[in-house]
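Numbering (the numbering used here), first residue to last: 21 to 139.
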């Protein structure tokens, strides 16, 4: 996550620095798309985090919680994940060609609603 915030901060500074030259800078924030293999990475990442927890913490939460949360994570990715891979290039074209382009494009349901809600 720190690298994500660093890119956002750099983009913000670059956007402000480039205004006098008539250059606009935009952030495209795509959600998770099922063709990128990130779906499996979320589950694998959760598994790795779980395995790194101290034994007493895993015992406190229990395997029931682990299995319940892992299942919910998969359902959320399937329900809110994106299947239309045209959304990102469409946002890029809009950012490049629109007279009133947005500074930030959140692309996909998960990026628009889940990420916005969590930040």
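All C-beta atoms, glycine included, are put in the ideal place defined by N, C-alpha and C. This structure is a prediction, so every number in the text was calculated from the model and none was measured.
Discussion item. Within the continuous alpha helix (DSSP H) that includes residue 52, where are the two ends?
Written reply: Indexing the chain shown from 1 puts residue 52 at position 32. Here residue 52 belongs to no alpha helix (DSSP H), and DSSP marks it neither H nor E.
Worksheet entry | Nearest neighbour of residue 127, chosen from 69, 117 and 103 [CA to CA] | As a first step, residue 127 is located in the chain shown; it is residue number 107 there, counting from the start. From the listed residues 69, 117 and 103, the smallest Cα separation to residue 127 is found for 103.
Item to complete: Counting only runs of 3+ residues fully inside the region 70-130, write out the beta strand (DSSP E) ranges in chain order.
Response: List check, beta strand (DSSP E) in window: 124-127.
Discussion item. Given this structure, state the Cα-to-Cα distance separating residue 33 from residue 25, to the nearest angstrom.
Written reply: As a working mapping, residue 33 is identified with position 13 in the chain shown. As a working mapping, residue 25 is identified with position 5 in the chain shown. Straight-line Cα distance between these residues: approximately 12 Å.
Worksheet item: Going by beta carbon distance, what residues of the same chain come within less than 7 Å of residue 121, once the five residues before and after it are set aside?
Response: Counted from its first residue, the chain shown places residue 121 at position 101. Counting only Cβ-Cβ distances below 7 Å, and skipping sequence neighbours, we find 44, 46, 114 and 115.
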